Amino acid sequence: MLLFKLECKRLFAGTVNKLVLVLFLLSGIFAIYQGALGYKSIRIDQYKSTVVFQKEREHVSSREALPEPGSLAYYASAPTQWQLSPWAALFVGETSSSMVAAKIRATALQSQIYNREIVNPSQQRAGGLDLGFVLVYFLPLVIGILTVTLISDEQHAGRWRLLNAMPRSVFSLVGKQIALRFVVIWFMVALLLISAALLLSLPFDIFFWTVLGATSLYMVFWFALAAIIMSFGKNSVFNSLTYLSSWVVLALLLPGAVHLYLSNQYHSDAPLEITLQLRMTLNDGWDQDKQATLDAFVAKESKWSNTAPLGEAFDWKWYYAQQHMSDIAVQDQVEAYRRSNAARQNQLQKLSVLSPALFFQLSLNELAKTSGNFQIKYQQQIADYHQTIRHYFYDFLFFDKQVSRQDIADFPKFEPQTMVAQGGSWKLPLSTAVVALMLMIAIVRIRKVKVI
Amino acid sequence: MNNKIIQICRHELASKRKSPVLWLLFVMIQLLLVVALFTGWQQYQQSMNMQTKAQQLVEQQWNAQPDRHPHRVAHFGHFAFRPPSALSFFDLGVNAWVGDSIFLEAHKQNSANFATDQDGGTLLRFSELSSANILLLIWPLLIIALGFASVSGEKKSGTLRQLMSMGVPFRALIAGKSLSYLCLSVIFILPVFVLALGLAASTGAQFSSEAPIRLLLLFALYLVYCLFWIAITLLVSSTVKAPKQALVLLTSIWFILTILMPRMLAEFAHHQYPHQKRNDFELAVKLDNRKVGNSHNPDDPYFSKFRADTLEKYGVSTVEELPINYKGLVMQEGERLNAEIYKKHYQQQLEKFESQQQFVSQFYWLNPYLFVRDFSMALTRTDTRHFLDFEQQAEAHRYARIQKLNQLHTHEIHHHNDRAQRVDKSYWQTFEAFTYATPRLSWSLKVFSLSWFLPLIVVVLLFTFLNSNKMQRRIYAAV
Numbered sequence: 013m014l015l016f017k018l019e020c021k022r023l024f025a026g027t028v029n030k031l032v033l034v035l036f037l038l039s040g041i042f043a044i045y046q047g048a049l050g051y052k053s054i055r056i057d058q059y060k061s062t063v064v065f066q067k068e069r070e071h072v073s074s075r076e077a078l079p080e081p082g083s084l085a086y087y088a089s090a091p092t093q094w095q096l097s098p099w100a101a102l103f104v105g106e107t108s109s110s111m112v113a114a115k116i117r118a119t120a121l122q123s124q125i126y127n128r129e130i131v132n133p134s135q136q137r138a139g140g141l142d143l144g145f146v147l148v149y150f151l152p153l154v155i156g157i158l159t160v161t162l163i164s165d166e167q168h169a170g171r172w173r174l175l176n177a178m179p180r181s182v183f184s185l186v187g188k189q190i191a192l193r194f195v196v197i198w199f200m201v202a203l204l205l206i207s208a209a210l211l212l213s214l215p216f217d218i219f220f221w222t223v224l225g226a227t228s229l230y231m232v233f234w235f236a237l238a239a240i241i242m243s244f245g246k247n248s249v250f251n252s253l254t255y256l257s258s259w260v261v262l263a264l265l266l267p268g269a270v271h272l273y274l275s276n277q278y279h280s281d282a283p284l285e286i287t288l289q290l291r292m293t294l295n296d297g298w299d300q301d302k303q304a305t306l307d308a309f310v311a312k313e314s315k316w317s318n319t320a321p322l323g324e325a326f327d328w329k330w331y332y333a334q335q336h337m338s339d340i341a342v343q344d345q346v347e348a349y350r351r352s353n354a355a356r357q358n359q360l361q362k363l364s365v366l367s368p369a370l371f372f373q374l375s376l377n378e379l380a381k382t383s384g385n386f387q388i389k390y391q392q393q394i395a396d397y398h399q400t401i402r403h404y405f406y407d408f409l410f411f412d413k414q415v416s417r418q419d420i421a422d423f424p425k426f427e428p429q430t431m432v433a434q435g436g437s438w439k440l441p442l443s444t445a446v447v448a449l450m451l452m453i454a455i456v457r458i459r460k461v462k463v464i
Numbered sequence: 083m084n085n086k087i088i089q090i091c092r093h094e095l096a097s098k099r100k101s102p103v104l105w106l107l108f109v110m111i112q113l114l115l116v117v118a119l120f121t122g123w124q125q126y127q128q129s130m131n132m133q134t135k136a137q138q139l140v141e142q143q144w145n146a147q148p149d150r151h152p153h154r155v156a157h158f159g160h161f162a163f164r165p166p167s168a169l170s171f172f173d174l175g176v177n178a179w180v181g182d183s184i185f186l187e188a189h190k191q192n193s194a195n196f197a198t199d200q201d202g203g204t205l206l207r208f209s210e211l212s213s214a215n216i217l218l219l220i221w222p223l224l225i226i227a228l229g230f231a232s233v234s235g236e237k238k239s240g241t242l243r244q245l246m247s248m249g250v251p252f253r254a255l256i257a258g259k260s261l262s263y264l265c266l267s268v269i270f271i272l273p274v275f276v277l278a279l280g281l282a283a284s285t286g287a288q289f290s291s292e293a294p295i296r297l298l299l300l301f302a303l304y305l306v307y308c309l310f311w312i313a314i315t316l317l318v319s320s321t322v323k324a325p326k327q328a329l330v331l332l333t334s335i336w337f338i339l340t341i342l343m344p345r346m347l348a349e350f351a352h353h354q355y356p357h358q359k360r361n362d363f364e365l366a367v368k369l370d371n372r373k374v375g376n377s378h379n380p381d382d383p384y385f386s387k388f389r390a391d392t393l394e395k396y397g398v399s400t401v402e403e404l405p406i407n408y409k410g411l412v413m414q415e416g417e418r419l420n421a422e423i424y425k426k427h428y429q430q431q432l433e434k435f436e437s438q439q440q441f442v443s444q445f446y447w448l449n450p451y452l453f454v455r456d457f458s459m460a461l462t463r464t465d466t467r468h469f470l471d472f473e474q475q476a477e478a479h480r481y482a483r484i485q486k487l488n489q490l491h492t493h494e495i496h497h498h499n500d501r502a503q504r505v506d507k508s509y510w511q512t513f514e515a516f517t518y519a520t521p522r523l524s525w526s527l528k529v530f531s532l533s534w535f536l537p538l539i540v541v542v543l544l545f546t547f548l549n550s551n552k553m554q555r556r557i558y559a560a561v
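So this is what it looks like as structure tokens:
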């Protein structure tokens, strides 16, 4: 007990130690607060989009004469939403720079899907500070500063010999010191997570325990790394520099290198090419035989094949047929782009094992459903919903039905599907195995540390 | 005195030369810088190639149009592409988060699409590995590793006392060591700049007389940045008892200045001066457009008045009697109103962006990292301001192009049976291609006016303080 008190005193004695711990807590609180604000604005955006659309529908219904279906479809931009977990407030992932409530209408899908959120690029360049950042990148440095010089400091202060002379093993002493640091930092992390959960009213469910568990595992990794570095018995400066270099490589250089590799490997001008081709197809359609376009369309969408032939005047049904046919004209490219994106995601998952920081960051974003993977899933949902909207209008357009007020009220709503990450089951066993291995090496090596 | 400084400098350099770890680090950093520069160069060429090709393609598509109704051409539209700036291979700046192409069409202002920030929320937490980013983030760590023990180490090993007793003034020691670290910095960052100059020169047409000046300024900028870190390192090393403490403290300072603070400021600025999200922005523009009037509605008050005014101007009683096509006039008026409304809202967004940037730039003096980062992006034309300039140039081009088409509509198409008519295809050749006017150096640096002075003063002050009598007394008292 006495030793414990002494250790606690030592831990909190250094100015730098205290400074680092306080800074860690402060930036954690700041990140939670900013994250809560950001998440709120996402939810407002999503909610407002549905309200605005509801208002528009009421406005249309309140008119004396309802618009013809073609014109109605042209102006009906229906909201969708990226179904996020509330944890998105803490692990923002891609949500800060992409649409979370994209609007979609019955015209060509490919001319709508590449719209982006308005961002201040300078803010993106700065890097963003969510709780994920604090846990993934700051936490290891806190662990390093508090731990990596433990043995060398003892040696330096001359206590090491003294400790060695004592009946109890050195290992248990160092082990206790490390354990104390682990517990202190762990409590801080738990404190941050609990206050975040309370502030954002996150339930203490499986997600909470997964995040806490994963963070603990991540902490064990860095503690084990620190212990292994210490076990070489070099001086404090060597230990600190080695630990810092490992951090730079794992947290900064490897993710950067993975990004470079992926953008080189999957460099795709597809969206631009698709857009350029779509524009030409849409435009050329006006000069081509309109009946031929319609025929080609009903060959694809046979449900509406009983439609009457076109007359001389402009007909909305040709317009929408030709919009859809131009989507079909670029379908191969879209499909290739989709495959390339899926392959990119796969490759990212694989490469993420190179760096625990990248791995942990990616896992947190996946958990909050904010990763690139879920962005793609959301875009797929938009595409599906686009089809629902198209089909809804086709009945009116191709069978010359008039829109009633009831039809406007029955306009299909976007139903967000629950999105689940696939193929992530290997992550937990793998990371546990790696961390366990690191821990074993660390224990074995620390046991062997000799007195100098 | 000068002799002593040189001697100390030489001695310091010689001792660093013996350290294998430092050699290893140096080699690795050089490698990293070269790889970063090379990949940046590849990206630049790729993107340049694509943009040029795409721009040529759309110009060709425009010119190849057959006889057409001008309004159809207005909906056919055009594209504006943003060529990467000549030095973007050195500093990628905000390139990853902004789009490279804008679709220009009638009645609607699109924003730039196709950014390359896929998985940015996972992979770009520290931005891209550009040469500038490595110099900004990793180079300071190396300076810290070089110098954290320079005074505290001498103190600990007792050599400081010996030096002092030999009559070496503390000032000479500081000056000598600073000089040696500066020399090392120059040796290690010069190759990247020379290489960058070579690459920039090989771009041929893109290489303007400004590029060497910009590179020279960049070099000076990063040297000042090095000086700042040298000063901080020596200051901490002189005031702290043991080298280990100096190292921990310096690393903490590095973390706060280059990683924590920029993020906190950017996040805070964003919530303090929030700009509108896309949905809100588009809704606001739409609602304002609705308020002004609907040109398709014959009873619309605004356009009724417009019609009456037009008829009065030409002294006729119906639009059919007008010598010009009234529909074309309405198109022109509609486009003008729409562009004005858009501009008003866009300006508001710009003001928010500016306020955010203004907020961050208040801290230039406290954290030179911020200043160097932003100044470097301005020099390489890769900052937000340059991107927004492209957006505005594209919008100006869109407006001029569409209005020229509306002019054709007014003068070359008769009011009767308007839709069935076409104008001759030779008209399409009279439209000028979109070329991005690259901003001059003076424009690039305009926002900094005098703010570049502050970080410089900070560096000078740090060195003055290091050389002050007070500091000297402290050291003498400690040894």
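Which chain is which? The protein sequence lines are A and B, in order. Remember, our numbering sits 12 above the position in the first sequence when you count from 1. Remember, our numbering sits 82 above the position in the second sequence when you count from 1. From the three backbone atoms N, C-alpha and C, an ideal C-beta is built for every residue, glycine too. Here the structure is a predicted model, which is why all the values come from computation and not from measurement.
Report the rounded CA-to-CA distance for threonine 134(B) versus glycine 156(A), giving the unit in angstroms.
49 Å
Given a limit of 8 Å on CB to CB distance, which residues of the segment 269-290 of chain B reach chain A?
none
By a C-beta neighbour count over all protein chains shown, 10 Å radius and 16 as the cutoff for buried, is isoleucine 218(A) buried or exposed?
exposed
Can you give me the Cβ contacts of proline 405(B) inside the same chain, cut-off strictly under 8 Å, excluding the 5 residues immediately before and after it?
Tyr396
Roughly how many angstroms lie between the CA atoms of methionine 450(A) and leucine 442(A), to the nearest whole one?
12 Å
Closest Cα partner of histidine 153(B) within the set Ser524(B), Arg501(B), Ser533(B), Asp381(B):
Arg501(B)
Just to confirm the assignment, what range does the beta strand (DSSP E) spanning serine 183(B) have?
183-187
So what's isoleucine 464(A) in DSSP terms, helix, strand or just coil?
Here isoleucine 464(A) scores only 49 on pLDDT, less than 50, and its place in the model should not be relied on; the value that follows carries that caveat. Residue state, collapsed to three classes: coil.
Listed by chain order, chain B residues near tryptophan 298(A) by CB distance under 8 Å
Correct list: Arg154.
Opening and closing residue of the alpha helix (DSSP H) in which histidine 353(B) lies
Histidine 353(B) -> alpha helix (DSSP H) spans 343-354.
Kindly indicate if chain B contains any beta-carbon less than 9 Å away from that of lysine 60(A).
Chain B, which has a Cβ nearer than 9 Å to the Cβ of lysine 60(A), makes this yes.
Would you say isoleucine 130(A) faces chain B, with C-beta separation under 9 Å as the test?
yes
In chain order, what residues of the same chain have a beta carbon less than 8 Å from the beta carbon of glutamate 55(B), not counting five sequence neighbours either side?
Residue coverage of chain B in this structure runs from 83 to 561, which leaves residue 55(B) outside it and unanswerable.
Nearest chain B C-beta to glutamate 106(A) closer than 9 Å, yes or no?
Any Cβ of chain B closer than 9 Å to the Cβ of glutamate 106(A) would place that residue at the interface, and such an atom is present.
Whole-number beta carbon distance between alanine 118(A) and tyrosine 397(A), since they are thought to touch under 8 Å
Not quite, the Cβ-Cβ distance comes to about 11 Å (not below 8 Å), so this is no contact.
Answer with buried or exposed for histidine 71(A), where buried requires no fewer than 16 other C-beta atoms within 10 angstroms of its C-beta.
exposed
Give a yes or no on whether the C-beta atoms belonging to alanine 90(A) and leucine 409(A) are separated by under 9 Å.
no
Closest Cα partner of asparagine 251(A) within the set Ser258(A), Pro267(A), Met242(A):
Met242(A)
Who are phenylalanine 161(B)'s beta bridge partners in DSSP?
Phe185(B)
DSSP on lysine 188(A), reduced to helix/strand/coil?
helix
Asparagine 85(B) CB to nearest heavy atom of the ligand PLP below 8 Å
Of ligands this structure carries none, so the ligand PLP is not represented either.
Using a Cβ cut-off of 9 Å (strictly closer), state whether leucine 212(A) contacts chain B.
no
CA-CA distance, glutamine 393(A) and isoleucine 125(A)?
11 Å
Determine, using beta carbons only, whether isoleucine 464(A) comes closer than 9 Å to chain B.
Its pLDDT being 49, under 50, isoleucine 464(A) is placed unreliably in this model, and the value from its coordinates should be taken loosely. Not closer than 9 Å to any Cβ of chain B, the Cβ of isoleucine 464(A) fails to qualify, so no.
Leucine 448(B) versus Ile314(B), Glu394(B), Val250(B), Pro273(B), residue with shortest Cα-Cα distance:
Ile314(B)
Partners in chain A for phenylalanine 435(B), counting only beta-carbon separations shorter than 8 Å
Asn132, Ser134
For chain A, check one thing: does any of its Cβ atoms lie closer than 9 Å to the Cβ of valine 454(B)?
Judged by the 9 Å Cβ criterion, valine 454(B) is not in contact with chain A.
What residue range is occupied by the uninterrupted alpha helix (DSSP H) comprising glutamine 434(A)?
Where glutamine 434(A) is concerned, there is no enclosing alpha helix (DSSP H), given that its DSSP letter is neither H nor E.
Got a sec? Which residues, its chain only, sit under 6 Å from alanine 454(A) by beta carbon, not counting five neighbours each side?
Ala236, Ala239, Ile240
Helix, strand or coil for isoleucine 394(A) per DSSP?
helix
So with CB distances below 8 Å, who are the chain B contacts of valine 34(A)?
Within chain B, no residue comes near valine 34(A); the closest Cβ sits about 11 Å away, beyond 8 Å.
Contact set between phenylalanine 233(B) and chain A, taken where Cβ atoms lie within less than 9 Å
First, the amino acid is wrong: residue 233(B) is valine here, not phenylalanine. Neighbours of valine 233(B) in chain A, taken as residues at a C-beta separation under 9 Å, are lacking, since the least C-beta distance is about 14 Å.
Beta-carbon separation of leucine 143(A) and alanine 209(A) under 9 Å?
no
Check each residue of the segment 433-448 of chain A: if its Cβ is closer than 9 Å to any Cβ of chain B, include it; give the result in chain order.
none
Lysine 552(B), buried or exposed, once every other Cβ within 10 Å from all chains shown has been counted against 16
exposed
Are the segment 342-349 of chain A and the segment 299-315 of chain A touching, with three or more C-beta to C-beta distances below 8 Å?
Contact between the segment 342-349 of chain A and the segment 299-315 of chain A is absent: fewer than 3 CB-CB pairs across the two stretches fall below 8 Å.
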